[in-house]
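Participant:
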Amino acid sequence: MCGRFSQTASPEIIAQQFELTDPPLFAPRYNIAPSQPIAVIRIEPDTATRKLVMLRWGLIPSWAKDIKI
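The sequence shown: position 45 = 93 (the numbering used here), numbered continuously.
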């Protein structure tokens with residue numbers, strides 16, 4: 049898994065490209081590290097529509113006792 053990455057597209061561009069109905073509320077970021085929140089587009093299972101949600105970036109192993117590994 050990679051470590052850091054950037055999310056540089058503006059919220060307006062992302063909303064247009066993915067045909068989002070709710071405008072995304074986040075700022076472009078240039079140095080996202082594991083455990084930081086990121087904007088992710090997922091498909092809602094009930095409605096099959098795209099939605100932007102904030103998720104934690106990274107992998108937490110099954111044996112970890114704390115998320116701050």
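Every residue gets a Cβ at the ideal spot worked out from N, C-alpha and C, and that includes glycine.
Cβ atoms of R104 and Q84: under 9 Å apart, would you say?
Facilitator: On the sequence shown, position 36 is the one that residue 84 refers to. On the sequence shown, position 56 is the one that residue 104 refers to. Yes, the pair counts as a contact, with Cβ atoms nearer than the cut-off.
Participant: Give the secondary structure of A87 by DSSP, where H, G and I count as helix, E and B as strand, and everything else as coil.
Facilitator: Here residue 87 refers to the residue found at position 39 when the sequence shown is read from its first residue. Strand.
Participant: Opposite L103 in the DSSP bridges: which residues?
Facilitator: Counted from its first residue, the sequence shown places residue 103 at position 55. According to DSSP, which records beta bridges pairwise, L103 is partnered with I86.
Participant: Please state the DSSP three-state secondary structure of I108.
Facilitator: Within the sequence shown, numbered from 1, the residue matching residue 108 stands at position 60. Here I108 sits in coil by DSSP.
Participant: Provide the residue(s) that pair with I80 in DSSP beta bridges, ordered along the chain.
Facilitator: As a working note, residue 80 is residue 32 in the sequence shown. Per DSSP, F53.
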